[in-house]
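*Asks:*
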Amino acid sequence: MIKKRSFVNMEWIIHIKNFQSYLRIERGLSKNTIENYSYDIERLVSFLKENKIDVSPIKITEESVQQFIYAVSKQVNTRSQSRIISGLKSFFSYLIFEDLRSNNPLELIDSPKTGRKLPDTLSVEEIDNLIAAIDLSSSEGERNRAMIETLYGCGLRVSELITLKNSDLFFEEGFIKITGKGNKQRFVPISEVTQKYIEMYRETVRIHVNIQKGYEDTLFLNRRGRQLTRAMIFTIIKNLAVKIKLNKTISPHTLRHSFATHLLENGADLRSIQLMLGHESITTTEIYVHLDRKFLTNVLHSFHPRKNA
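Once you know that position 159 of the sequence shown is 139 in our numbering, the rest is easy, because the numbers rise by one and skip nothing.
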């Protein structure tokens, strides 16, 4: 999880490892959340190294942290900036808790107001173009097509995709079993088209992979026979977007949001979308799904009892 080459000195590595253990054992946070916290700290220490600020997490000053936040504000949106500040505050609060620091260098730094941002979506045509751009002459091409079809066709989170097992596939029943946030399981419908591409990948590519011990049941594998990383999925989709000259910033989550939006636009009810996405509260689904004015107008005209009065 920690890239040693990115850090200023061993003190950072030691304290971050201890912080990770604290988050996992004391706070019971998920692996993905811990990775996000660690990534935010890694950005800080990479900044320190680039600017030749050789200082430990115990002695880093408020001024150095402010310089980092100012630099980050030029690189990321306000939502990402807010998350980075929150992650760093938690790290330094942990150091205070362990009596390693007496103050938090981010104490006076406020997170920017993010508001409510509706995620970008892709049109059906753009998704078709994205998939059509995959080079099927390579073994990775068959795998990548099956992965993108599954991301979009089932509305999965990227973490759910990379941990999907062969034993989670119930094609005869038309469902796949997904283990989502908090290890909560749900069954999601899977179309015959998506099933077809998964089977093609399994029968023509995966069968020839030298699968490493512990990954025998993992569906999507890298060339070394291991589970793919989230970063790899991001890279695959980003490269395809560049290839078709898509003028949008997209990620695996864009496909999940497009899945929900397209279902809603074609008449699916929010409750069904909520169940497929694995949201605990339908309020989350209402925020997540882009409720455009055209759709709401159509709902009114179709279902209001006095539409023809």
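Ideal placement from N, C-alpha and C gives every residue a C-beta, glycine not left out.
Any idea what DSSP makes of THR41, helix, strand or coil?
*Replies:* coil
*Asks:* So what does ARG166 bridge to, in DSSP terms?
*Replies:* According to DSSP, ARG166 bridges with ILE158.
*Asks:* Could you tell me whether the region 176 to 190 touches the region 15 to 29, using the rule of 3 or more Cβ pairs below 8 Å?
*Replies:* no
*Asks:* For LEU226 and PHE71, I'd like the C-alpha separation in whole angstroms.
*Replies:* 37 Å
*Asks:* Suppose only complete runs of 3+ residues qualify. What are the beta strand (DSSP E) ranges in the region -11 to 44, listed by chain order?
*Replies:* none
*Asks:* Between the C-alpha atoms of ILE(-4) and PRO37, what's the straight-line distance to the nearest angstrom?
*Replies:* 9 Å
*Asks:* If you run the structure through DSSP and keep just helix, strand and coil, what is GLN207?
*Replies:* GLN207 falls in the strand class under three-state DSSP.
*Asks:* Suppose you measure from the CA of ARG4 to the CA of ILE49; what does that come to, to the nearest Å?
*Replies:* 26 Å
*Asks:* Whose C-beta lies closer than 6 Å to the C-beta of LYS69 among residues of the same chain, with five residues either side of it excluded?
*Replies:* Setting aside the 5 residues that flank it on each side, LYS69 is surrounded in the same chain by LEU86, each with a C-beta closer than 6 Å to its C-beta; the list follows chain order.
*Asks:* Between ILE65 and the ligand FMN, is the CB less than 8 Å from at least one heavy atom?
*Replies:* Annotation note on the ligand FMN: not contained in the displayed structure, which lists no ligands.
*Asks:* For LEU116, which of helix, strand or coil comes out of DSSP?
*Replies:* coil
*Asks:* Which of the three DSSP states is assigned to LYS292 in this structure?
*Replies:* The requested residue 292 does not occur in the structure, where the chain is confined to residues -19 to 289.
*Asks:* To the nearest angstrom, report how far apart ILE142 and THR265 are at their CA atoms.
*Replies:* Distance between the alpha carbons of ILE142 and THR265 is about 23 Å.
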